[in-house]
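Here's the structure we're looking at; comments come further down.
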Amino acid sequence: MDDLRRIDLNLLLTLHALLAEQHVTRAARRLHKSQPAISHALAQLREIFKDPLLTRRGAAMALTPRAQDLQRPLEAALNQLTSLLREGAFDPHQAIRHFRVAMSDYAAHLVLPTLVKRLRDQAPGIDIAVCQASREAMLAQLGDGEIDMALGVFPDTPSNIWVETLFQEHFISVADKRSLPLRGKLSLAQWLARPHVLVATRPDADNEIDSALAAQGLHRHIALVLPHWSASTKVLTDTDLILTVASRTLDPVLHGQELMQFTPPFKLPRFPFQQAWHIRRDSDPAHHWFRSTVMDCSRTSPQSGEKQAVSR
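The sequence shown begins at 7 in our numbering and counts up one residue at a time.
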């Protein structure tokens, strides 16, 4: 208790903002304080913890090892205090909020219809703005505070980005059924000999399919790259193109008529589809409610998601 008397709770809030933002000006903006006030608080914190906490690295600031060690226990302690003080305070029916969410049209197709209906029914004062970006851009936008949440596949995230699995997904291939053998199956050699469609925000983007092929010393010819999931199946009709995508992408009406789906002729691991957010948002009751709602709306079959901090 004697140690607690040496520090003002406001200093801990400032420390939390500094560790999350890794930038004095952004921390000041987040706390609605002046930059000199945050700089003064940082000097006090450095004296208390006997550590610089933030150091200059090129044009940016970086956390010291001591600051990195403080990040998780501080987050947990403030979360507990927030829960104690705000228990029962958030009412979605009365809340007025605006959430910025990055997602592909794949995620929009799966989640948005149910999510929007849920919001209109349970939280009519909560608005959402959806944008689309690459995986790398989403993580950068989360870090900069430009978005509140991102939906996608995030195998590698920095320690200040938390992810939660919404569901497990797997890949399937699809093509015009008239271009396939009667049984709708292709050998690996036949599959590789055909031209392919890749859905990506940019042509040089890394993807799980080509990474899996490269691990086996294999390569496919990509004849078309496009950023729109919704258009990816439409271009297959009357062509020899093959599209390999997450299984929930396909419209059952489309692939029940002109198109046929089949299992890719090589091993592709299942992968988690996730929601991601910056730790600065984690203790916000409205954000917590929104994450829980997205989780509920994304489940087409009962699967549990587990929150985890993922580091490189």
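Just so you know, even glycine gets a beta-carbon here, dropped at the ideal spot from N, CA and C.
Because the structure is a prediction, the values reported are computed rather than measured.
Subject >> Member of 25, 138, 270 and 219 whose CA lies at the smallest distance from the CA of residue 6 >> reply: No answer is possible for residue 6: the residues shown for the chain start at 7 and end at 318.
Subject >> Rounded straight-line distance, which links the Cα of residue 250 to that of residue 139 >> reply: Taking the Cα positions, residue 139 is about 20 Å away from residue 250.
**OP:** Within the same chain, show all residues whose beta-carbon is closer than 8 Å to that of residue 261, passing over the 5 residues directly before and after it, in chain order.
**Re:** Because the pLDDT at residue 261 is just 48, under 50, the model does not fix this residue reliably, and the value given afterwards should be weighed accordingly. Correct list, in chain order: 180, 239 and 267.
Subject >> Simplified DSSP assignment, three categories, for residue 186 >> reply: coil
**OP:** Pull up the CB-CB distance for residue 233 and residue 207, whole angstroms please, since I reckon it's below 8 Å.
**Re:** 5 Å
Original post:
Near residue 254, what residues of its chain come up, given a Cβ to Cβ distance below 7 Å and the 5 sequence neighbours on each side ignored?
Top reply: Same-chain partners within the cutoff: 116 and 175.
Original post:
Going by DSSP, what residues sit across from residue 278 in a beta bridge?
Top reply: 174
Original post:
What are the boundary residues of the beta strand (DSSP E) that includes residue 267?
Top reply: 265 to 268
Subject >> Those residues which DSSP pairs with residue 60 across a bridge >> reply: 69
Subject >> Complete runs of the beta strand (DSSP E) confined to the stretch 211 to 256 [at least 3 residues] >> reply: Here the runs fully enclosed are 228 to 232 and 248 to 252.
Original post:
Can you tell me where the alpha helix (DSSP H) with residue 47 in it begins and where it stops?
Top reply: 41 to 55
Original post:
With a cut-off of 8 Å, do at least 3 Cβ pairs link the stretch 192 to 208 to the stretch 273 to 289?
Top reply: no
**OP:** Answer with buried or exposed for residue 202, where buried requires no fewer than 16 other C-beta atoms within 10 angstroms of its C-beta.
**Re:** buried
**OP:** Would you kindly work out how many angstroms separate the C-alpha atoms of residue 19 and residue 273, rounded to a whole number?
**Re:** 48 Å
Original post:
Going by Cα to Cα distance, which pick from 142, 171, 182 and 119 is closest to residue 243?
Top reply: Of 142, 171, 182 and 119, the residue nearest in Cα terms is 182.
**OP:** State the beta-bridge partners of residue 202 as determined by DSSP.
**Re:** 228 and 248
Original post:
Taking buried to mean at least 16 other C-beta atoms within 10 Å of its own C-beta, is residue 293 buried or exposed?
Top reply: buried
Subject >> Where the beta strand (DSSP E) through residue 133 begins and ends >> reply: 132 to 137
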